[in-house]
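Below is one structure; the comments refer to it alone.
Residue numbers (my numbering): 10 to 405.
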């Protein structure tokens, strides 16, 4: 990390620590201020939630809100149960919602200092409303750049019969894989070379700039190298000897995004971020790493992590043809040719591999971003893809 970045991070840490302490001392104060972002789900008041949920229903009010479940990871996730007055009940307003917030110092430094949560807020307020996806919609998304407070209030999909399977217990069938490909094509096509990427979505960083910012802020490359050493037992032999090439190769693969085509990317499409709707259909959630760049980053990552290697090898050509067909059907006038797409598919799985290695490379005092057994499971699959595809040679 450069000296200027270190100084900036230190100053931000002091400022954020002070604001976190103040938020804890006055948990409901910010929720009473118009336009302020509440620091946590626990600080949300009935009046604040009335403004969010009842603005289109005359006379409706939230009279009680309670936290009824949740957990903590990179962000604090909570389920809220809501009681309305008669007007709210008659209107059928949601009785439960799901929230994500940067309630802790650690989450604000990881997600706020790196400006990740700003992108998530932009996605839910600007991009998500026009997309037909199996994915939650937001009633509210807010971000405060001074304190790194962020809060998203989402559909409680579990109340609608949707599930969030354990990725270790969620085998992906051929039908599921086709679902995944169609979902990817849907949002990629919606923003394919869109002028909005330079307009209302212009604050979404390109993938290289997004990653470069993360590298400087959190020591990403060093932690990836640690993760590579820890993952040796699950790496294919042909990759173990090329560890020094992985991170530089990853950054080189991101440079290829500048050649286009550009679209909106989820960037975190590992199997643990795929849900199932009430009919079992596959969809994405957790859009906190959203950026703009080359479609193949999402596509390669999703298939590399989501499919058993034998299934991937058997299905990958047909799935790529389906993806290209879906782009065309969704309005992309000139999708890539199959040969162009196949090369890009081979070139772009390093993002998924490096993110897995980064997750594995954390210190004992850092929060565990994913369960270790799942991280190793994902790394093993993606590393096998990298070896099968000859990725390190394909990006030269």
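Glycine included, C-beta positions come from ideal geometry on N, C-alpha and C.
Local Cβ density within 10 Å of residue i, reported as buried at 16 or more and exposed below that
i	result
residue 392	buried
residue 398	buried
residue 338	exposed
residue 349	exposed
residue 279	buried
residue 64	exposed
residue 281	buried
residue 81	exposed
residue 311	buried
residue 370	buried
residue 170	exposed
residue 298	buried
residue 178	exposed
residue 289	exposed
residue 313	buried
residue 109	buried
residue 360	buried
residue 189	buried
residue 401	buried
residue 172	exposed
residue 77	exposed
residue 73	exposed
residue 128	buried
residue 343	exposed
residue 287	exposed
residue 176	buried
Under 7 Å between C-beta atoms of residue i and residue j
i	j	result
residue 215	residue 301	yes
residue 275	residue 263	no
residue 341	residue 198	yes
residue 304	residue 272	yes
residue 182	residue 150	no
residue 152	residue 162	no
residue 259	residue 165	no
residue 100	residue 66	yes
residue 243	residue 385	yes
residue 252	residue 229	no
residue 51	residue 59	no
residue 366	residue 395	no
residue 319	residue 355	no
residue 156	residue 126	no
residue 296	residue 132	yes
Boundaries of the beta strand (DSSP E) in which residue i is found, first to last residue
i	result
residue 150	147–153
residue 110	105–110
residue 291	291–293
residue 301	300–302
residue 126	Per DSSP, residue 126 belongs to no beta strand (DSSP E); it is in the alpha helix (DSSP H), 125–131.
Proximity winner among the options, relative to residue i (alpha-carbon distances)
i	options	result
residue 144	303, 364, 291, 356	291
residue 96	123, 358, 62, 112	62
residue 93	405, 55, 127, 125	55
residue 222	66, 396, 121, 77	121
residue 379	44, 84, 180	84
residue 205	136, 158, 322, 368	136
residue 218	174, 194, 266, 193	266
residue 194	390, 140, 321	140
residue 90	231, 53, 239, 352	53
residue 372	321, 233, 316	233
residue 186	325, 390, 403	325
residue 358	315, 327, 343	315
residue 47	111, 309, 124, 249	111
residue 321	132, 113, 180	180
residue 191	309, 388, 383, 328	328
residue 333	123, 155, 75, 201	201
residue 377	119, 68, 44, 102	119
residue 309	352, 323, 225	352
residue 113	49, 105, 176	49
residue 124	175, 212, 203	212
residue 168	103, 154, 176, 134	103
Residues that DSSP places opposite residue i in a beta bridge
i	result
residue 75	90
residue 252	Note: residue 252 sits in no beta bridge, so no partner.
residue 283	293
residue 158	153
residue 172	285
residue 272	302
residue 85	81, 110
residue 163	107, 147
Extent of the continuous alpha helix (DSSP H) run through residue i
i	result
residue 65	Careful: residue 65 lies outside any alpha helix (DSSP H) and carries neither H nor E.
residue 368	359–369
residue 216	216–227
residue 400	400–403
residue 189	183–199
residue 330	318–338
residue 348	347–356
residue 95	95–99
Check: residue i C-beta below 6 Å from any heavy atom of the ligand COA
i	result
residue 365	As far as ligands go, the structure on display features none, and thus does not contain the ligand COA.
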